[in-house]
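Just so it is clear: in the sequence shown, position 184 is 185 by the working numbering, and no numbers are missing.
Think of the CB as a built atom: it goes at the ideal place given N, C-alpha and C, for glycine as much as any other residue.
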Amino acid sequence: MIKIAMIAGSNRRNATSTLLLRHIGDRLAARNIRAELIDLHRLPLPLYSPDAGDADPNVRILLEAVREADGLILATPEYHGSVSGVLKNALDYIEISHVSGKPVLVASSSGGPVGVSSLTHLQSIVRNLHGVNCPEWISIGGEFRRFGPDGAPADEKTRERVERAVDRFVALTLALRSDRQVEA
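Set out below in structure tokens:
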């Protein structure tokens, strides 16, 4: 079974970036894919220090989920044109060996129309961790950040865009997983 680690990079209860990951998790479950949500609002991490290692139990939970995953989905609110400090702090704990060769889908939620700057910054971080950026990304902004009672984006075109990105991410995950299994 494919395993996906999803990291919700907001420190806000019911953040739209976290709601988006919950919806994506439902979409993955419908495909018989195991998705583990690491909600940084509920799993606070100490400020990163190279001296601390993984002594904190929450850090161990994060690192175990990332190491065991076949792919990652990172979601962030866009703050001042970049990723949240909470997500950046979590990513600082992750080592190249945890992400190398794994596909990564990035997503953002922005008060404005789109959160392209945070997505670009996330993709740069993914490259530096030797991950494989999914060619799709998801940005929801402004009025498109509403979710229905079923947990899905209220806007039909947003739902379709999310589904298309998830389709491509799953296809990339399957292809890269097969490649890694052949190499092993």
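* **Supposed close pair Ile3, Arg35 - CB separation, criterion 8 angstroms** => 7 angstroms
* Quick one: give me the first and last residue of the beta strand (DSSP E) that Ile8 is part of. => Lys4 to Ala9
* To do: Quick one: which unbroken alpha helix (DSSP H) runs of 4-plus residues sit fully inside the segment 36-68? Chain order, please.
  => none
* Report the option in Glu137, Asp40, His81 and Cys135 whose CA atom is closest to the CA atom of Ala16. => Asp40
* According to DSSP, is Ser110 helix, strand or coil? -> strand
* **Status (buried if at least 16 other CB within 10 Å, exposed otherwise) for Ser110** => buried
* Sequence-distant residues of its chain with Cβ nearer than 6 angstroms to Val67 (five each side left out) -> Ala6, Ile95 and His99
* Rounded C-alpha distance that separates Arg128 from Asn134 -> 7 angstroms
* CA-to-CA distance, Gln124 to His131, given in whole angstroms -> 10 angstroms
* From the DSSP output, read off the bridge partner residues of Thr77. => Ser109
* To do: Identify the continuous alpha helix (DSSP H) that holds Gly86 and give its terminal residues.
  => Gly86 to Tyr94
* Separation of Ala56 from Glu164, as counted between CA atoms -> 38 angstroms
* With a threshold of 16 other CB atoms inside 10 Å of the CB of Ser140, please say whether the residue is buried or exposed. => buried
* To do: Report yes or no: do the segment 153-164 and the segment 57-66 share at least 3 C-beta pairs separated by less than 8 angstroms?
  => no
* To do: Could you tell me which of Asp151, Val167, Arg147 and Arg146 sits nearest to Trp138, measuring between CA atoms?
  => Val167
* Within 8 angstroms, strictly: CB atoms of Phe170 and Leu88 -> no
* Asked: Can the beta-carbon of Leu38 be found less than 8 angstroms from the beta-carbon of Arg23?
  -> yes
* Asked: Between Ile74 and Ala31, is the Cβ-Cβ spacing less than 8 angstroms?
  -> no
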